[in-house]
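Quick note: the sequence shown uses my numbering, first residue 124, plus one each step.
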Amino acid sequence: MFGLMDLLSLIISAFIILPVVILLRETGYLLVSAIFGVKNPRLTVGSGPRIIKIGIFDIRKYYHLYSWFSYDSLKRTSKFAYISIYAGPILLNVSLALTINALLANGMLEEYRSFWDRFVFYAMYYVLLDIIPMMTLNGKPNNGMIIYEMIRYGKRIDYNNEPFIPATSDVEEQYQEEMKELAKKVKEKWEED
Numbered sequence: 124m125f126g127l128m129d130l131l132s133l134i135i136s137a138f139i140i141l142p143v144v145i146l147l148r149e150t151g152y153l154l155v156s157a158i159f160g161v162k163n164p165r166l167t168v169g170s171g172p173r174i175i176k177i178g179i180f181d182i183r184k185y186y187h188l189y190s191w192f193s194y195d196s197l198k199r200t201s202k203f204a205y206i207s208i209y210a211g212p213i214l215l216n217v218s219l220a221l222t223i224n225a226l227l228a229n230g231m232l233e234e235y236r237s238f239w240d241r242f243v244f245y246a247m248y249y250v251l252l253d254i255i256p257m258m259t260l261n262g263k264p265n266n267g268m269i270i271y272e273m274i275r276y277g278k279r280i281d282y283n284n285e286p287f288i289p290a291t292s293d294v295e296e297q298y299q300e301e302m303k304e305l306a307k308k309v310k311e312k313w314e315e316d
């Protein structure tokens, strides 16, 4: 039976654990790309209007599941660099999940065991979605497919002209255009009323 404690667990999972796992996943791109000389990196969490932008972090108003990493360029580009960047989120989540799991297995973190069990579950959930090569609903490859194609063919073969990771400058330009359009629509609506 689904009770009050289950509801509380669901809320904690949806609004604390899942956003942290997603942020850490996106940080995997950042950490690995820093090795290859990333220029103008940005971690965007959420979608819609911007709440705050602090350094490389861009926090948006709407739900965190739509989050991404962007950059303008890399100093060192190679097949190995791109494979490494797309493996970054997978490696970070696996490392984190295995570390937490080892701590739990050795009797540490016992006081909050159910919290950490859920954390490991969501971290491995994203690893599974990232590592198995597949195309997503929007026709783009997931990280596993990108890595597979880079190893097998040495290039992307999905015939999609959009970059896997968008340029930060392009993302910012698109955001500013969307916000101008939204402001225009709001103004028109106010004038109608």
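The beta-carbon is built from N, C-alpha and C at its ideal position, and this holds for glycine as well. These numbers come from a predicted model, not from an experiment.
- Query: Can you name the residues that DSSP bridges to K162?
  - Reply: S196
- Is the beta carbon of I254 sitting closer than 8 angstroms to the one on G262? no
- Complete runs of the beta strand (DSSP E) confined to the stretch 282-313 [at least 3 residues]: none
- Around the Cβ of D293, are there at least 16 other Cβ atoms within 10 angstroms (buried) or fewer (exposed)? exposed
- Query: Where does Y185 sit, in a helix, a strand or coil, going by DSSP?
  - Reply: strand
- Message: For a quick check, are the C-beta atoms of Y249 and R148 less than 8 angstroms apart?
- Response: yes
- Close Cβ partners of I270 (< 7 angstroms) along its chain, the five nearest in sequence each way excluded: I206, Y209, A210
- Message: For S132, report the span of its alpha helix (DSSP H) as first-last.
- Response: 127-135
- Item | Coarse secondary structure for I174, derived from DSSP in three states | strand
- So, helix, strand or coil for T167, using DSSP? strand
- Query: Can you give the Cα-Cα distance for A137 and T222, rounded to whole angstroms?
  - Reply: 22 angstroms
- V309, buried or exposed, once every other Cβ within 10 Å from all chains shown has been counted against 16: exposed
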